[in-house]
Amino acid sequence: MECGICKQEFNEANLMEVVEHEHNGNYTLPNKGKKVIKHARDVYPHCSGEFSGGVHSYLSGDDYPKYDEQKEFKEGYFSAQRDLKDNYVLDF
Numbered sequence: 013m014e015c016g017i018c019k020q021e022f023n024e025a026n027l028m029e030v031v032e033h034e035h036n037g038n039y040t041l042p043n044k045g046k047k048v049i050k051h052a053r054d055v056y057p058h059c060s061g062e063f064s065g066g067v068h069s070y071l072s073g074d075d076y077p078k079y080d081e082q083k084e085f086k087e088g089y090f091s092a093q094r095d096l097k098d099n100y101v102l103d104f
């Protein structure tokens with residue numbers, strides 16, 4: 013496996029080597045087959061701020077939106093759940 017930060021190779025089956033590649037608490041295993049995006053607009057170019065907030069919320073692993081969230085926020089969350097869950101990851 014190649015470290016996603018320092019690009020050095022290590023054996024992901026060897027816990028000691030995995031621990032050595034935890035750079036300041038960042039998880040370093042690459043996201044296999046997933047495209048990294050920086051913003052929801054990378055996928056939904058004309059979305060609103062509320063919609064993109066929902067997309068970011070879903071990709072960040074947040075729980076199901078609460079009832080008090082805006083409609084567009086929920087639409088973004090559920091669109092990301094439907095369209096992006098297996099193909100995209102957010103770059104923090």
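To get our numbering, take the position in the sequence shown, counting from 1, and add 12.
Ideal placement from N, C-alpha and C gives every residue a C-beta, glycine not left out.
Measuring straight from C-alpha to C-alpha, what distance separates Lys-50 and Asp-103?
5 Å
Look at the alpha carbon of Pro-57 and the alpha carbon of Ser-64, and state the distance between them as a whole number of angstroms.
10 Å
Mind reading off the beta-carbon distance from Ala-92 to Tyr-70? Whole number of angstroms is fine, and I expect it under 8 Å.
4 Å
State yes or no: is the C-beta of Asn-23 within less than 8 Å of the C-beta of Glu-29?
Against a cut-off of 8 Å, the Cβ pair of Glu-29 and Asn-23 comes out as a contact.
Can you name the start and end residues of the alpha helix (DSSP H) that Val-67 belongs to?
61-71
Leaving out five residues before and five after Glu-62 in sequence, what residues of the same chain have Cβ atoms less than 6 Å from its Cβ?
Gln-82, Glu-84, Phe-85
In chain order, what residues of the same chain lie with their CB nearer than 7 Å to the CB of Lys-46, ignoring the 5 residues before and after it?
Asn-99, Tyr-100, Val-101
With Lys-83 as the anchor, note down where its alpha helix (DSSP H) starts and where it stops.
83-95
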